[in-house]
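Asker:
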Amino acid sequence: MDDTKEFLKNVGIGEVRDDFKSSKRFSDGGQYRFEVPGIQSPIAMSALLKESFKNNIFIHRVTQTKGIMLLSDDEIKKMVDLAINYGCELFLSVGPRATYDTSATAHTKEGSRIGYRLRGYDNLVYAIEDVKRACDLGVRGILLYDEGLLWVLNKMRIEGEIPKNVHFKLSAHAGHANPASAVMLEEMGLNSLNPVRDLQIPMIAAIRNAIDISLDLHTENPKSTGGFIRHYEVPSFIDVASPVYLKTGGSVAANHNWDTTEKEAIARIKQVVLVKRVIDSYCPDAVASPNQSSDLSIPE
Numbered sequence: 000m001d002d003t004k005e006f007l008k009n010v011g012i013g014e015v016r017d018d019f020k021s022s023k024r025f026s027d028g029g030q031y032r033f034e035v036p037g038i039q040s041p042i043a044m045s046a047l048l049k050e051s052f053k054n055n056i057f058i059h060r061v062t063q064t065k066g067i068m069l070l071s072d073d074e075i076k077k078m079v080d081l082a083i084n085y086g087c088e089l090f091l092s093v094g095p096r097a098t099y100d101t102s103a104t105a106h107t108k109e110g111s112r113i114g115y116r117l118r119g120y121d122n123l124v125y126a127i128e129d130v131k132r133a134c135d136l137g138v139r140g141i142l143l144y145d146e147g148l149l150w151v152l153n154k155m156r157i158e159g160e161i162p163k164n165v166h167f168k169l170s171a172h173a174g175h176a177n178p179a180s181a182v183m184l185e186e187m188g189l190n191s192l193n194p195v196r197d198l199q200i201p202m203i204a205a206i207r208n209a210i211d212i213s214l215d216l217h218t219e220n221p222k223s224t225g226g227f228i229r230h231y232e233v234p235s236f237i238d239v240a241s242p243v244y245l246k247t248g249g250s251v252a253a254n255h256n257w258d259t260t261e262k263e264a265i266a267r268i269k270q271v272v273l274v275k276r277v278i279d280s281y282c283p284d285a286v287a288s289p290n291q292s293s294d295l296s297i298p299e
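Residue numbers are given in numbering that gives the first Met the number 0: position 210 of the sequence shown equals residue 209, and the series is strictly consecutive.
1. Under 8 Å: do the region 283-295 and the region 64-74 share three or more Cβ pairs, one atom per stretch?
2. Going by C-alpha to C-alpha distance, which of 250, 171, 30, 54 sits closest to residue 284?
3. Is the region 77-97 close to the region 46-63, with three or more CB pairs under 8 Å?
4. Quick check: residue 296 and residue 88, are their CB atoms within less than 7 Å of each other?
5. Restricting to runs no shorter than 4 residues, where is the alpha helix (DSSP H) found entirely within the region 157-230?
6. Give the list of continuous beta strand (DSSP E) stretches no shorter than 3 residues that lie fully inside the region 16-99.
7. Output the distance between the C-alpha atoms of residue 96 and residue 115, rounded to the nearest integer angstrom.
8. Once you ignore the five residues that flank residue 172 on each side, which residues in its own chain have a CB closer than 6 Å to its CB?
9. Touch check for the region 179-195 and the region 159-171: three-plus C-beta pairs under 8 Å?
10. Helix, strand or coil, according to DSSP, for residue 115 in the structure here?
11. In terms of residue numbering, what span does the alpha helix (DSSP H) encompassing residue 268 cover?
12. Output the distance between the C-alpha atoms of residue 65 and residue 0, rounded to the nearest integer angstrom.
13. Would you mind giving the Cβ-Cβ distance between residue 273 and residue 230, rounded to the nearest angstrom? I have them listed as a contact below 8 Å.
14. Rounded to whole angstroms, what is the Cα-Cα separation between residue 128 and residue 217?
15. Sorted by chain position, which residues of the same chain lie with C-beta nearer than 7 Å to residue 77's C-beta, five sequence neighbours on each side aside?
16. DSSP has residue 12 in a bridge; who is on the other side?
17. Return helix, strand or coil for residue 108, following the three-state DSSP convention.
18. Determine contact between the region 173-185 and the region 154-165, defined as no fewer than three beta-carbon pairs at a distance below 8 Å.
19. In angstroms with no decimal places, state the Cα-to-Cα distance between residue 4 and residue 13.
20. So what does residue 142 bridge to, in DSSP terms?
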């Protein structure tokens, strides 16, 4: 295996030692940020942000997962305004996906491997239109599920067809779990990668060692994706994965597309508070990105 390992090392994918710690940081010097996913409406987002103030917790990123096309212009504008006034990122997810179109295969056990990827030319066009609409309404963070769409959108960003300050993150539902895939995605223009949810610490370390973009790691999960809670592993997440978004509050939901209520949005903040307790207790020297950092992709 030595020849294979040497080749991988020469292309930037090295083996990591058990004591690996990431020296990489956000441009503001922070090691970690908090992200709350599954916030599908301005009502839920408002409740979430108000509760964060009450608990003296800053949420760096709020993510909607059901799809841009399922929000009205008025709803998007309200979420954009909430993000601007609070100073956080707002990521909206691409609507068109295999599970929403006419694919019967996507709803079978074998076909679930398609994930939320796009099928055919027309759905690629629809997805691009979804993204352009969000950008026109001020959104500067887009959650993607399809590598081909990332490739096209990055070309559009380079050529000025969409704003150059739009950030792209790829969902765990795309199924990426190794450093070679991470390098490929970074080279394609990805800004933030959410690998699959159940990676062990050394696996996460190997991905971090190979790329510079931020990682998004679930500190907990809905029942539909395993239901596991990893709060006590968060210090290790910060050690090996920095710069990292700690995705917290997922255990409140039953699944990825769960319509979070106001009450559940408040419950998600409690989960963030619990994770912050672990950080304060076991790695108090870990550095959080400051509130309203200049390198956040805040809407315009």
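Note that the Cβ used here is the ideal one computed from N, Cα and C, for glycine as well.
Answerer: Looking at the coordinates:
1. no
2. Checking every option, the nearest Cα to that of residue 284 belongs to 30.
3. yes
4. yes
5. 178-186, 200-209
6. 31-35, 60-62, 88-92
7. Between residue 96 and residue 115, the C-alpha separation is close to 5 Å.
8. 114, 115, 144
9. Touching, per the Cβ criterion.
10. coil
11. 261-281
12. Answer to the nearest angstrom: the Cα atoms are 43 Å apart.
13. Taking C-beta atoms under 8 Å as the contact rule, residue 273 and residue 230 qualify, at a distance of about 6 Å.
14. Whole-angstrom Cα-Cα distance: 29 Å.
15. 41
16. Note: residue 12 sits in no beta bridge, so no partner.
17. coil
18. no
19. 7 Å
20. 92, 168
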